[in-house]
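Numbering that gives the first Met the number 0 puts the sequence shown at residues 0 to 350. Glycine is no exception: its CB is placed at the ideal position from the N, C-alpha and C atoms. Read through the structure below, which is laid out as structure tokens, and then see the notes.
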Amino acid sequence: MKPQWKEQRIFLIGGPGGVGKTTVAAALGVSLALEGYKTVVLTVDPAKRLAQALGFKNFTSDLQAVSLPQQKETKLFASMLDTQRYFDKIITRFAASERQRDKILNNRLYRIMVESLGGSHEYAAMERLLEFTKDTSFEKIIVDTPPSQNALDLLNAPQKLADFMDNSVLSWFQNSKTPFSLFRQGTRMAMKVLEKLFGSDFFKALAEVMDDLEGMHKGFRDRNLEVLALLKSDTTGFFLVTYPSEIRFSESQHFIRVLKEKRIPLSGVILNRIEPAGPLRLLDSVALPKITREEIEVVLRYRAELVSQQQYWLSKFNEAAGTLSQIRLEKRTEDIHDLETLSQIGKILVS
Ligand SMILES: Nc1ncnc2c1ncn2[C@@H]1O[C@H](COP(=O)(O)OP(=O)(O)OP(=O)(O)O)[C@@H](O)[C@H]1O
Ligand SMILES: [Mg+2]
0 MKPQWKEQRI FLIGGPGGVG KTTVAAALGV SLALEGYKTV VLTVDPAKRL
50 AQALGFKNFT SDLQAVSLPQ QKETKLFASM LDTQRYFDKI ITRFAASERQ
100 RDKILNNRLY RIMVESLGGS HEYAAMERLL EFTKDTSFEK IIVDTPPSQN
150 ALDLLNAPQK LADFMDNSVL SWFQNSKTPF SLFRQGTRMA MKVLEKLFGS
200 DFFKALAEVM DDLEGMHKGF RDRNLEVLAL LKSDTTGFFL VTYPSEIRFS
250 ESQHFIRVLK EKRIPLSGVI LNRIEPAGPL RLLDSVALPK ITREEIEVVL
300 RYRAELVSQQ QYWLSKFNEA AGTLSQIRLE KRTEDIHDLE TLSQIGKILV
350 S
């Protein structure tokens, strides 16, 4: 089945680190905007020159308008995910009072938790997505996702956070006002390490954060349900960006299985960085050093091996695909950071 670019509104771009998620998300944004849709790309940590192409020059605003040379009216917008800032917004939303909000935001440990809690970036991405969905003027919303060892982190993040809020050990901290005397030996040792790491007021700070987070459980749980409903909705398409190699193949198959179990439909697999067919293309712009015939042969042999490996794994992806749509993108000779190249790639995606 072909991806439903016209019908669907939300496109989640997931996959392991470095496969090209941010590039694909930006390219898709450019091409959907060129089709006339008001589009927003929620991007995560784009490379510097790509960020510049998307209008992130001075970070003056949350939402950047990106003018495309072919277009009079601006249709493309980009927003960069700032997890820390976004968590502050979430806390502000769920806090029962200004006092509770300020106490949490000023707590040093809260900052550390946001940075180190597994899944907080993914959670922030999902939160931001929910926010964009509520702005009905956006016809297409593209969500680039943070690099994750396991692409499923994205889907598990809201649940993980809700679980964290419910975690009994932490609730125990929250409820016990004088926990110190009650610690068993092992715990005390662990706490000593934590004290060393975070300073002597660690317990106090932890007890305070936990106390302050009280009452927010319901908020996080409800949001979790909302995100899950959104992920399963017909208007959402999930794309896995990957690469034709053994490790990426088995990882992708696992990912596809788990999505099925979770009843989250996958709209397509994007196989990126495929060696172009034909003879090796040399960069005109690069001044080639004097190289020997042997050296050229080594490069050619390496490339022939790479191409044959890729072809093998592409055929494996094909066999496993069934009716699942697959889109192949060639490896370009240079990094991708200009709107023109993005629109060329975008055309391939939506054609
Ligand atoms: N088809 C391609 N041909 C050549 N270079 C590519 C291609 N796709 C992506 N790149 C380059 O690969 C690098 C990594 O791409 P990108 O940042 O999109 O990956 P990512 O999956 O978002 O990485 P991360 O997981 O770190 O967020 C970038 O420099 C990008 O320009
Ligand atoms: Mg990225």
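Requested in this report: With DSSP as the reference, label residue 8 as helix, strand or coil.
Outcome: Taking the first residue of the sequence shown as 1, we reach residue 8 at position 9. Coil, per DSSP.
Query raised in the report: On the three-pair Cβ rule with 8 Å, is the region 71-78 touching the region 34-51?
Result: yes
Query - heavy atom of ligand 2 below 7 Å from residue 21 C-beta - result: Walking along the sequence shown from the start, residue 21 turns up at place 22. Yes.
Query - Endpoints, the alpha helix (DSSP H) within which residue 251 is located - result: The sequence position of residue 251 within the sequence shown is 252, counting from 1. Unbroken alpha helix (DSSP H) run through residue 251: 245-260.
**Report entry** At least three beta-carbon pairs within less than 8 Å, the region 290-298 to the region 252-266
**Finding:** no
Requested in this report: Classify residue 247 as buried or exposed, calling it buried when 16 or more other Cβ atoms lie within 10 Å of its own Cβ.
Outcome: Residue 247 sits at position 248 when you count from the first residue of the sequence shown. Buried, because 16 or more other Cβ atoms sit within 10 Å of the Cβ of residue 247.
Query raised in the report: Is residue 241 helix, strand or coil by DSSP?
Result: If you number the sequence shown from 1, residue 241 lands on position 242. Three-state result, residue 241: strand.
Query - Backbone CA spacing between residue 308 and residue 244 [nearest angstrom] - result: Position 309 of the sequence shown, counting from 1, holds the residue named residue 308. Position 245 of the sequence shown, counting from 1, holds the residue named residue 244. Distance between the alpha carbons of residue 308 and residue 244: 7 Å.
Report task. Find out if the Cβ-Cβ distance for the pair residue 25, residue 62 is shorter than 8 Å. Result -> If you number the sequence shown from 1, residue 25 lands on position 26. If you number the sequence shown from 1, residue 62 lands on position 63. It is not a contact, given that the beta carbons lie outside the stated cut-off.
Query - Other residues of its chain near residue 100: CB distance less than 7 Å, five sequence neighbours each side excluded - result: Indexing the sequence shown from 1 puts residue 100 at position 101. Here the set comprises 90, 91, 94.
Report task. Using only alpha-carbon positions, find the residue among 5, 14, 70, 328 that is nearest to residue 253. Result -> Position 254 of the sequence shown, counted from the start, is the residue given in the question as residue 253. Residue 253 has its Cα closest to that of 14, out of 5, 14, 70, 328.
Requested in this report: Using only alpha-carbon positions, find the residue among 20, 123, 134 that is nearest to residue 223.
Outcome: Position 224 of the sequence shown, counted from the first residue, corresponds to residue 223. Checking every option, the nearest Cα to that of residue 223 belongs to 123.
Query raised in the report: Can you round the beta-carbon distance between residue 69 and residue 33 to whole angstroms, since I take them to be within the 8 Å contact cut?
Result: Position 70 of the sequence shown holds residue 69. Position 34 of the sequence shown holds residue 33. So it is a contact: roughly 6 Å between Cβ atoms.
Query raised in the report: Who are residue 267's beta bridge partners in DSSP?
Result: The residue labelled residue 267 in the question sits at position 268 within the sequence shown. Bridge partners of residue 267: 238.
**Report entry** Cβ shell of residue 48 (< 6 Å), same chain only, five flanking positions each side left out
**Finding:** Within the sequence shown, residue 48 is the residue found at index 49, counting from 1. Excluding residues within five positions, the ones whose Cβ falls inside 6 Å are 336.
Query - residue 29: first and last residue of the uninterrupted alpha helix (DSSP H) it sits in - result: Counting from one through the sequence shown, the residue named residue 29 turns up at place 30. Looking at the DSSP string, the run of the alpha helix (DSSP H) that includes residue 29 is 20-33.
Query raised in the report: Of the choices 249, 251, 240, 261, whose alpha-carbon is the least far from that of residue 230?
Result: Within the sequence shown, residue 230 is the residue found at index 231, counting from 1. Ranking the options by Cα distance to residue 230, first place goes to 261.
Report task. Taking the CB atoms as reference points, tell me whether residue 324 and residue 1 lie closer together than 8 Å. Result -> Numbered from its first residue, the sequence shown carries residue 324 at position 325. Numbered from its first residue, the sequence shown carries residue 1 at position 2. Against a cut-off of 8 Å, the Cβ pair of residue 1 and residue 324 comes out as a contact.
Query - Rounded straight-line distance, which links the Cα of residue 330 to that of residue 72 - result: Translated into positions along the sequence shown, residue 72 becomes position 73. Translated into positions along the sequence shown, residue 330 becomes position 331. Cα to Cα, the separation comes out at about 32 Å.
**Report entry** ligand 1 heavy atom lying under 7 Å from the CB of residue 271
**Finding:** Within the sequence shown, residue 271 is the residue found at index 272, counting from 1. Answer for residue 271: yes, Cβ within range of ligand 1.
Requested in this report: Run the CB neighbour count on residue 304, radius 10 Å, all protein chains shown included, and call it buried at 16 or more, exposed below.
Outcome: Start at 1 with the first residue of the sequence shown, and residue 304 comes out as number 305. Residue 304 comes out exposed.
Query raised in the report: Which two residues bound the contiguous alpha helix (DSSP H) that contains residue 43?
Result: Within the sequence shown, residue 43 is the residue found at index 44, counting from 1. Premise fails: residue 43 is in no alpha helix (DSSP H) and is neither H nor E.
**Report entry** Beta-carbon proximity list for residue 184, same chain, < 7 Å, skipping 5 on both sides
**Finding:** Sequence index remark: in the sequence shown, residue 184 carries index 185 (1-based). Bear in mind that a pLDDT of 43 at residue 184, under 50, signals an unreliable position, so the number given afterwards is only what the model happens to contain. So no residue of the chain qualifies.
Query raised in the report: Using the rule of at least 16 other Cβ atoms within 10 Å of the residue's Cβ for burial, across every protein chain shown, is residue 20 buried or exposed?
Result: Reading the sequence shown from its first residue, position 21 is the one you call residue 20. By the neighbour-count rule (16 or more Cβ atoms within 10 Å), residue 20 is buried.
Report task. Output the boundary residues of the alpha helix (DSSP H) element that contains residue 51. Result -> The residue given as residue 51 occupies position 52 in the sequence shown. Per DSSP, residue 51 belongs to the alpha helix (DSSP H) from 47-52.
Query raised in the report: How many angstroms separate the CA atom of residue 30 from the CA atom of residue 220?
Result: If you number the sequence shown from 1, residue 30 lands on position 31. If you number the sequence shown from 1, residue 220 lands on position 221. Those two C-alpha atoms are separated by around 36 Å.
Query raised in the report: Hey, out of 315, 120, 345, 338, whose CA is closest to residue 65's CA?
Result: By 1-based counting over the sequence shown, the position of residue 65 is 66. Comparing Cα positions, the closest option is 338.
Query raised in the report: In terms of DSSP beta bridges, what is residue 298 paired with?
Result: Against the sequence shown, residue 298 aligns to sequence position 299. Paired residue(s): none; residue 298 is not in a bridge.
Query raised in the report: Using a Cβ-Cβ cut-off of 7 Å (strictly less than) and excluding sequence neighbours within five positions of residue 315, which residues of its own chain qualify?
Result: For the purposes of this step, residue 315 is taken as the residue at position 316 of the sequence shown. Closer than 7 Å at the Cβ level, and outside the excluded window around residue 315, lie 248.
Requested in this report: Using three-state DSSP, classify residue 123 as helix, strand or coil.
Outcome: Along the sequence shown, one-based indexing puts residue 123 at 124. Residue 123: helix per DSSP, three-state reduction.
Requested in this report: Measure the CB-CB distance between residue 241 and residue 18 and report whether it falls below 8 Å.
Outcome: Within the sequence shown, residue 241 is the residue found at index 242, counting from 1. Within the sequence shown, residue 18 is the residue found at index 19, counting from 1. In contact: residue 241 and residue 18 (Cβ atoms closer than 8 Å).
Query raised in the report: Does ligand 1 have a heavy atom nearer than 7 Å to the CB of residue 327?
Result: Counted from its first residue, the sequence shown places residue 327 at position 328. For ligand 1, not one heavy atom lies less than 7 Å from the Cβ of residue 327.
Query raised in the report: What number of angstroms, rounded off, separates the C-alpha of residue 272 from the C-alpha of residue 238?
Result: Mapped onto the sequence shown, residue 272 falls at position 273. Mapped onto the sequence shown, residue 238 falls at position 239. Computed Cα separation, rounded: 16 Å.
Query raised in the report: So, is residue 166 buried or exposed, given that buried needs 16 or more other C-beta atoms within 10 angstroms?
Result: What you label residue 166 is simply residue 167 of the sequence shown in a count that begins at 1. Below a pLDDT of 50, predicted positions are generally treated as unreliable, and residue 166, at 49, falls in that range; the measurement from the model is reported next regardless. Result: exposed.
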